[in-house]
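Report on one structure; see the data block that follows.
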Amino acid sequence: MALITCFGEVLWDVFPTHRKIGGAPLNVASRLQSFNHEVNMISAVGNDEPGTKILAYLKDNNINTNCVQILDDYKTGEVTVTLNKKGAASYTIEYPVAWDKIALQNNAEKLVENSDVLVYGSLATRDETSRETLYKLIDIAKYTVFDVNLRSPHFTHEILIYLMEKSHFIKFNDDELYEIAKAMGSKHNALEQNLLFISKKTNTKHICVTKGQHGAVLLYNGTLFYNSGYQINVVDTVGAGDSFLASLISQLQNNEPPQKAIDFACAVGALVAQSEGANPKISSAEIDAFMNPS
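Counting in the working numbering, the sequence shown tops out at residue 768, every number present.
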């Protein structure tokens, strides 16, 4: 069991017919906790009912909230989610909200120093306050995992490159990989070539690229590992990549072989995509039955 800290947005995903608690770092934290890791959240909510409900959700899921700040001047974040006919999501993200204003606190610094892993995404860097806090925490972390989330207009290539250079592990989807590699000067067309290009440019030995229904590829200490995906009926893709990342981190922290880790992570991501919402409950038995049907 690892001690893992997730930094960044906690919010409400507002769908046309309902609302669900979400935010990529929160989704990662929820799935990590389901694998029995000790998980902490560094974030901020407003002093309002939506914030109170997020804190209650985290506590109910045994995620430590000691470093979730409650702010009077900013409200809890909301994201309007639109799903197309294939279940793929697009997002409209309010700004500024509480998680944009995560201040650096001593208890968060001590927590990160003691954690095995610090997980964060690019969205939390859109505001200077949370960005500067994250930069300081990255510098004291043992192992850093960067979850790239390109949500226009909430990123710059300059910040993305800085975060990649500071990270031990980077996770992209294929579209993000191509866009960032091109911005960094890559002339390559193949996914693997661009993956290796970024690895060399940023000196990152652990990189994973998800390919939607076609699985994922993992670069781990010089070797490429592949999973070609699982056939499912997609309900919605919200949170599938987050659960994939959490599952991959969990397996690697448990010292499982990289091939087993990526196979497991693709299975969990697929199970989430065929369920409603970002954080459906999925048992070990369900994962095993999905991967190894009798």
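We put the CB at the ideal spot given by N, CA and C, even for glycine.
These numbers were taken from a predicted model, which means no experiment stands behind them.
Please report the distance separating the alpha-carbon of residue 722 from that of residue 626. 26 Å
Any chance the stretch 533-545 sits against the stretch 588-596, with 3 or more Cβ pairs inside 8 Å? no
Quick one, are the C-beta atoms of residue 615 and residue 499 less than 9 Å apart? no
Count the other CB atoms, across all protein chains shown, that sit within 10 Å of the CB of residue 650; report buried if there are 16 or more and exposed otherwise. buried
Would you list, in sequence order, the uninterrupted beta strand (DSSP E) runs of no fewer than 3 residues that lie entirely inside the stretch 589-643? 591-595 and 618-621
Exposure of residue 511, with buried meaning 16 or more beta-carbon neighbours within 10 Å: buried
Per DSSP, cross-strand counterpart(s) of residue 556: 564
Identify whether residue 542 lies in helix, strand or coil by the three-state DSSP scheme. strand
Contacts around residue 699, its chain only, beta-carbon distance under 6 Å, and the 5 residues preceding and following it disregarded: 692, 732, 733 and 736
Return the first residue and the last residue of the alpha helix (DSSP H) that residue 715 is part of. 714-727
Over the uninterrupted beta strand (DSSP E) stretch that includes residue 681, give me the two end residues. Run containing residue 681: 680-684, per the beta strand (DSSP E) assignment.
By Cβ distance, which residues of its chain are closer than 7 Å to residue 475, with the 5 residues on each side in sequence left out? 510, 511 and 512
Contacts around residue 622, its chain only, beta-carbon distance under 6 Å, and the 5 residues preceding and following it disregarded: 596, 646 and 650
Taking its Cβ as the centre, do 16 or more other Cβ atoms sit within 10 Å of residue 548, making it buried, or is it exposed? buried
Within the same chain, show all residues whose beta-carbon is closer than 8 Å to that of residue 652, passing over the 5 residues directly before and after it, in chain order. Closer than 8 Å at Cβ, skipping near neighbours: 665 and 668.
Between the stretch 483-495 and the stretch 677-697, do three or more beta carbon pairs fall short of 8 Å? No contact exists between the stretch 483-495 and the stretch 677-697.
Would you call residue 558 buried or exposed, if buried means 16 or more other Cβ atoms sit within 10 Å of its Cβ? Flag for residue 558 reads exposed.
For residue 594 versus residue 578, is the C-beta distance shorter than 9 Å? no
With DSSP as the reference, label residue 512 as helix, strand or coil. strand
Leaving out five residues on either side along the sequence, give the residues of the same chain with a beta carbon under 7 Å from the beta carbon of residue 544. If the five residues before and after residue 544 are omitted, its C-beta is found closer than 7 Å to the C-beta atoms of 519, 521 and 525, all from its own chain and listed in chain order.
Per the DSSP calculation, residue 647 is bridged to which residue(s)? 684
Classify residue 491 as buried or exposed, calling it buried when 16 or more other Cβ atoms lie within 10 Å of its own Cβ. exposed
Just to confirm, are residue 633 and residue 672 a CB contact at a threshold of 9 Å? no
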